[in-house]
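Everything below concerns the one structure shown next.
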Amino acid sequence: MQSDLNRFDTIYKSEIIHMPDIKIVSSNTVTQQNVTLFENRDSSPFQRNDDAVLTCIFKGRIDSFHQGIEHSCRLKSQSCAFVYGPQDNEHLLYENQYIESIAIGINKKFFLNLLQGEDRWLEGIINKIEKKQPFSFSKNVYRLTPHMFSVLRKIQEKKYTDSFKVLYLQSLMNELLLLQFKEICADEIKLGKPNIKEADLKKLKDIKEYIESNILEDFSLDSLALLSGLNTFKLKTGFKTAYGISVFEYIRSLRMQLASEMLLDGYHNVTEVAYMMGYAHVQHFSTAFKKYYGKTPGQFKF
């Protein structure tokens, strides 16, 4: 029998706003042990049959398993996922972590209002929701881009008067969804046009995973090319084609995400984080951080 402590809606107690076709809830949760939360019609904060959900994780990790969707959705810090799961689902939270996230339920009526003329992509979303067919655009989980991060923080800050609250939030939601859909569509276009040999794709995937596992290493293009088994030209152009971002832009984004986690955990000051990220001068780190997040490390930390 499902305990009240294992209901999915226990971590999403704080409702930011409930608009006609959109509901936004947030979570700030500390876990002391592994726990599996169960989501069904009674324990979901959303209208399960009619809402697709955009989940954005600022900090922490949640692994979700949706009935009817083959792959699990493994969300970690600075990532997001767009899923429609009308059946019973499970969400695994790991011990000893702080989870900060926002979940946005988007009703099918919202997509109907967006539909202008023929749009197979939006029509596909609407048809699946109407047929109660689970789907996910998050097989690889999308990164929470700096622009998306900035919009989400504006939603959280609630800097609006009652008179313009709904209008202001609608404009932010439109901006956020446009950014997310651009990521999804760009990903689908890349998958539909493979211009790289299978063997080279495997090498690019391997070097990407190597970078992710050794993010604080002092990389050079030559050293990465040697490790990957590709020449520098193939590595540089192939990585950009495969992942939509240059090798060093990707390294910078991973380091900035790690830096934000370290600042938020409260155990490191700005100077320590700057040096760990490879910056000789704190000011250079602060400038790069502000360019990425729109806030200085000090503003972000507090």
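Basically the working numbering = 1-based index in the sequence shown + 2. Glycine included, every Cβ here is placed at the ideal spot set by N, Cα and C. Since the structure is predicted, the reported quantities are computational estimates derived from the model, not experimental observations.
The beta strand (DSSP E) enclosing residue i, as first and last residue numbers
| i | result |
| --- | --- |
| alanine 105 | 99-109 |
| valine 85 | 81-86 |
| leucine 232 | Neither: leucine 232 is in no beta strand (DSSP E) and is coded neither H nor E. |
| leucine 146 | Looking at the DSSP string, leucine 146 is not in any beta strand (DSSP E), and its letter there is neither H nor E. |
Sequence-distant residues of its chain with Cβ nearer than 6 Å to residue i (five each side left out)
| i | result |
| --- | --- |
| methionine 258 | Tyr294 |
| glycine 231 | Lys205 |
| phenylalanine 99 | Note that residue 99 is glutamine in the sequence shown here, rather than phenylalanine. Cβ within range, chain order: Thr33 and Gly62. |
| asparagine 38 | Residue 38 is actually threonine in this sequence, not asparagine. For threonine 38, where only same-chain residues beyond five positions count, the Cβ hits under 6 Å are Glu92 and Leu94. |
| threonine 31 | Ile13 and Ile101 |
| glutamate 41 | Phe10 and Asn91 |
| phenylalanine 67 | Ser74 and Glu92 |
| serine 45 | Arg9, Phe10 and Asp11 |
| valine 249 | Phe241 |
| isoleucine 186 | Phe139 |
| phenylalanine 113 | Leu124, Ile127 and Ile128 |
Other residues of its chain near residue i: CB distance less than 7 Å, five sequence neighbours each side excluded
| i | result |
| --- | --- |
| arginine 254 | none |
| methionine 3 | Low per-residue confidence applies at methionine 3: pLDDT is 40, beneath 50, and the placement is therefore not dependable enough to give any value. |
Alpha-carbon spacing of residue i relative to residue j, whole angstroms
| i | j | result |
| --- | --- | --- |
| serine 152 | aspartate 208 | 31 Å |
| leucine 179 | methionine 21 | 15 Å |
| lysine 61 | asparagine 8 | 21 Å |
| histidine 270 | glutamate 125 | 48 Å |
| asparagine 216 | lysine 111 | 44 Å |
| phenylalanine 166 | glutamine 49 | 25 Å |
| serine 222 | tyrosine 281 | 15 Å |
| lysine 195 | threonine 243 | Because the pLDDT at lysine 195 is just 48, under 50, the model does not fix this residue reliably, and the value given afterwards should be weighed accordingly. Spanning the two alpha carbons is a distance of roughly 10 Å. |
| tyrosine 323 | alanine 54 | Nothing can be reported for residue 323, as the shown portion of the chain is limited to 3 through 304. |
| lysine 297 | tyrosine 277 | 19 Å |
| leucine 181 | histidine 149 | 8 Å |
| glycine 246 | asparagine 233 | 19 Å |
| serine 28 | lysine 292 | 24 Å |
| isoleucine 26 | serine 173 | 14 Å |
| glutamine 2 | lysine 134 | Shown here, the chain extends from 3 to 304; a query on residue 2 therefore has no answer. |
| glutamine 158 | leucine 203 | 39 Å |
| lysine 130 | asparagine 51 | 11 Å |
| serine 81 | asparagine 115 | 27 Å |
| lysine 236 | threonine 273 | 37 Å |
Enclosing alpha helix (DSSP H) for residue i [first to last residue]
| i | result |
| --- | --- |
| serine 66 | Per DSSP, serine 66 belongs to no alpha helix (DSSP H); it is in the beta strand (DSSP E), 63-68. |
| lysine 293 | 284-295 |
| lysine 78 | No alpha helix (DSSP H) contains lysine 78, which is instead part of the beta strand (DSSP E) from 75-78. |
| glutamate 92 | Run containing glutamate 92: none in the alpha helix (DSSP H); it sits in the beta strand (DSSP E), 91-95. |
| tyrosine 252 | 249-266 |
| arginine 122 | 122-132 |
| tyrosine 277 | 272-278 |
Distance between beta carbons of residue j and residue i, contact taken as under 8 Å
| i | j | result |
| --- | --- | --- |
| tyrosine 380 | alanine 105 | This structure cannot speak to residue 380, because the chain is shown only from 3 to 304. |
| glutamine 89 | proline 136 | 6 Å |
| valine 275 | leucine 266 | About 10 Å; that fails the 8 Å criterion. |
| glutamate 97 | asparagine 36 | 5 Å |
Close Cβ partners of residue i (< 8 Å) along its chain, the five nearest in sequence each way excluded
| i | result |
| --- | --- |
| serine 79 | Ile59, Phe60, Lys61, Gly62, Arg63, Gln259, Ser262 and Glu263 |
| isoleucine 198 | Leu206, Gly240, Thr243 and Ala244 |
| tyrosine 252 | Lys210, Ile213, Phe241 and Tyr245 |
| leucine 229 | Ile209 and Tyr212 |
Counting only runs that start and end within the region 5-42, where is the beta strand (DSSP E) found for 3 or more residues in a row?
16-20, 24-33 and 37-41
Let me know the alpha helix (DSSP H) ranges lying completely inside the region 207-241, each 4 residues or longer, listed in chain order.
223-230
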